[in-house]
Structure formats: structure tokens, C-alpha cells
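To start, the structure itself, in C-alpha cells.
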Amino acid sequence: MQIFSKVLTDTDVHVRFSFPTRCLQHLDFAGNNYVDLHVKDSYGELRVIRCRKREEGYYKPVLSKGWRQFVAYYELRVGDMVVLHLEDDQNLGSQFRIEANRRIKLFGQEDWGEVTRAN
Numbered sequence: 002m003q004i005f006s007k008v009l010t011d012t013d014v015h016v017r018f019s020f021p022t023r024c025l026q027h028l029d030f031a032g033n034n035y036v037d038l039h040v041k042d043s044y045g046e047l048r049v050i051r052c053r054k055r056e057e058g059y060y061k062p063v064l065s066k067g068w069r070q071f072v073a074y075y076e077l078r079v080g081d082m083v084v085l086h087l088e089d090d091q092n093l094g095s096q097f098r099i100e101a102n103r104r105i106k107l108f109g110q111e112d113w114g115e116v117t118r119a120n
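Written as C-alpha cells, this is what we have:
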């Protein structure tokens, strides 16, 4: 099940990734203001990316620790899209799957294609 998709902004690429508050219902913060998400990337590798939220008022969830490494690994840039899916993989120990997409033009038509690893 897709939780969200977002086209990356400059802040998302260079600082931290914010996403819609409505998505918090899929995360278990267990009374804390952060949770470490166990995320499977498109190559089946497990990544741990920290999600933080503000403690009061508008929670504004952001991906912080581990996010910049993901950006660097896939050489993501402004205009790329990230999609987060709820997907329980008990063998890998992940709860989510993350994919990165980039706009491509093929035969005059724009579409999204999967971003491959840079390394």
C-alpha cells in the first residue's frame, strides 16, 4: 500500500525530507518524537531512516538520519520523486519499501522511471 509520493524539493535533497502529516497514522512512535523506519530499497537492501516529528502543535514529520545517505546513494536531485509503501518483509525485517523515480521522456511522452544506484 502506498503511503505517499512526493516530488523532491531543494530542502528535501540537501537538508531533510518532509512529508504529509496524514501519513503519521502508519508509524508507531511509541510515545517518542522519532522512530527508526526499517525500509527496503528497490535493490532489496535494508536501510534505517529516522523519522522525526515536532512534539507539539503541527507535527510536521521529516526523514532525517539515514535520509541523506539514501539521497547520495541514488544521486537524487530536485524534481525526482520518492514513493514510500507499507510492506512487511519479515525475512528482511523491513516494514516499508522506498523507491526513487526520475522523469524521463520517451518518444515525446513524459513518464517516471526508476532511479538506479549511483554506486
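The opening position of the sequence shown corresponds to residue 2 in my numbering, with each subsequent residue numbered one higher.
Ideal Cβ positions, reconstructed from N, Cα and C, are used throughout, including at glycine.
- Within its own chain, the residues whose Cβ lies closer than 8 Å to the Cβ of D89, once the five positions on either side in sequence are excluded, are S95, Q96, listed in chain order.
- The three-state secondary structure of Q91, taken from DSSP, is coil.
- In this structure, the beta-carbon distance from R53 to V40 does not fall below 8 Å.
- Checking the DSSP bridge columns, you'll see H86 partnered with Q3, R98.
- Around the CB of Y44, fewer than 16 other CB atoms lie within 10 Å, so the residue is classed as exposed.
- Between T22 and Y60, the gap from beta carbon to beta carbon is short of 8 Å.
- DSSP lists R103 as the bridge partner or partners of G114.
- One Cα belongs to M82, the other to G32, and the distance between them is close to 30 Å.
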